[in-house]
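Asker: After the structure tokens below, expect a handful of questions from me.
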């Protein structure tokens, strides 16, 4: 029994040593372009990642200053999303064979732009549906005062061929995010919501998924809204008609 305990301690010590040593030995940035390309394929949008860092326990990559580009039919002058950092978890076995398969994402302090055009189409509706290869996202110099195109967001000029496999993730998190909402259909100006926490488990637009969300509403005081339940499949034509079964909680909200 004592020998078994010693063996267990030795194995655990080796695991700790490997976890400490490997990040300094492996050139994680050699995977940079593969991870960026995998994200672009999943999202169907331009993606730009900064420097990468590696953690072994658990296995994930961290990328600085990630940017997800906007649908070209919504020329807002801002990226769809940008963050201080993104943590990307990948399946270990494919990774050992130089194949990056992303299973989860966590965006730290992201800024996300949600825009609905005059025809009622949302800019997020085309995520994961583009068939064109995406170029790395660029940081805009300043917002452009242009109105979104009247062309539906899922259709890009000169687009041909079938769509990519639908965007899906086992786990998607947003931590302390900021969301700006602009609704041209209802002629509502850009409104910013902050301190948003969101988690989607088993997410794919064509099936139901678990959802947890909390956000502070604009205005005075600690106006908080919480949402928890099961949502989906996503209704791209009418987002408000997406099925949802769960609870909605208001805290210190003036109605």
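Residue numbers (the numbering used here): 9 to 263.
Note that the Cβ used here is the ideal one computed from N, Cα and C, for glycine as well.
From the DSSP output, read off the bridge partner residues of residue 235.
Answerer: Here residue 235 refers to the residue found at position 227 when the chain shown is read from its first residue. Partner(s): 221, 256.
Asker: Pick out whichever of 184, 69, 190 has its Cα sitting closest to the Cα of residue 125.
Answerer: Along the chain shown, read from residue 1 onward, the residue named residue 125 stands at position 117. Among 184, 69, 190, the Cα nearest to that of residue 125 belongs to 190.
Asker: Residues in the same chain with beta-carbon distance under 8 Å from residue 43, minus the five sequence neighbours each way, listed in chain order, please.
Answerer: What you label residue 43 is simply residue 35 of the chain shown in a count that begins at 1. Excluding positions up to five away in sequence, the list reads 57, 60, 69, 71, 96, 98, 108, 110.
Asker: CB residue 186 to CB residue 119, shorter than 8 Å?
Answerer: The count along the chain shown starts at 1 and reaches residue 186 at position 178. The count along the chain shown starts at 1 and reaches residue 119 at position 111. Cβ distance < 8 Å, so residue 186 and residue 119 count as in contact.
Asker: Starting from the C-beta of residue 159, find all residues in its chain whose C-beta is less than 6 Å away, skip the five residues before and the five after it, and write them out in chain order.
Answerer: Along the chain shown, one-based indexing puts residue 159 at 151. Below a pLDDT of 50, predicted positions are generally treated as unreliable, and residue 159, at 46, falls in that range; no measurement from the model is reported.
Asker: Look at the alpha carbon of residue 123 and the alpha carbon of residue 132, and state the distance between them as a whole number of angstroms.
Answerer: The residue you call residue 123 lines up with position 115 of the chain shown. The residue you call residue 132 lines up with position 124 of the chain shown. If I take the Cα positions, the gap works out to 8 Å.
Asker: What residue does the beta strand (DSSP E) around residue 195 start on, and which one ends it?
Answerer: As a first step, residue 195 must be located in the chain shown, where it is residue number 187. Careful: residue 195 lies outside any beta strand (DSSP E) and carries neither H nor E.
Asker: How big is the Cα-Cα spacing for residue 78 and residue 241?
Answerer: Along the chain shown, read from residue 1 onward, the residue named residue 78 stands at position 70. Along the chain shown, read from residue 1 onward, the residue named residue 241 stands at position 233. Whole-angstrom Cα-Cα distance: 23 Å.
Asker: Mind checking which residues open and close the beta strand (DSSP E) that includes residue 191?
Answerer: Sequence index remark: in the chain shown, residue 191 carries index 183 (1-based). Residue 191 -> beta strand (DSSP E) spans 177-191.
Asker: Considering Cα atoms alone, identify which of 73, 38, 253, 179 is closest to residue 55.
Answerer: As a working mapping, residue 55 is identified with position 47 in the chain shown. Per the Cα distances, 73.
Asker: Let me know if residue 113 comes out buried or exposed under the rule of 16 or more other beta-carbons within 10 Å of its beta-carbon.
Answerer: Residue numbering aside, residue 113 sits at position 105 when the chain shown is read from its first letter. By the 10 Å Cβ count, residue 113 comes out buried.
Asker: Please state the DSSP three-state secondary structure of residue 41.
Answerer: Here residue 41 is taken as the residue at index 33 of the chain shown, counted from 1. It is helical.
Asker: Is it true that the CB of residue 233 sits closer than 8 Å to the CB of residue 248?
Answerer: Your numbering for residue 248 matches position 240 in the chain shown. Your numbering for residue 233 matches position 225 in the chain shown. For residue 248 and residue 233, no; Cβs fall outside 8 Å.
Asker: Can you tell which of 94, 199, 45, 39 has its C-alpha closest to the C-alpha of residue 226?
Answerer: Counting from one through the chain shown, the residue named residue 226 turns up at place 218. Ranking 94, 199, 45, 39 by Cα distance to residue 226 puts 199 first.
Asker: According to DSSP, what are the bridge partners of residue 123?
Answerer: Locating residue 123 in the chain shown gives position 115, where the first residue counts as 1. Beta-bridge pairing links residue 123 to 190.
Asker: Shortest alpha-carbon distance to residue 177 belongs to which of 246, 50, 91?
Answerer: The count along the chain shown starts at 1 and reaches residue 177 at position 169. Looking at the Cα atoms, 50 is the closest of the given residues.
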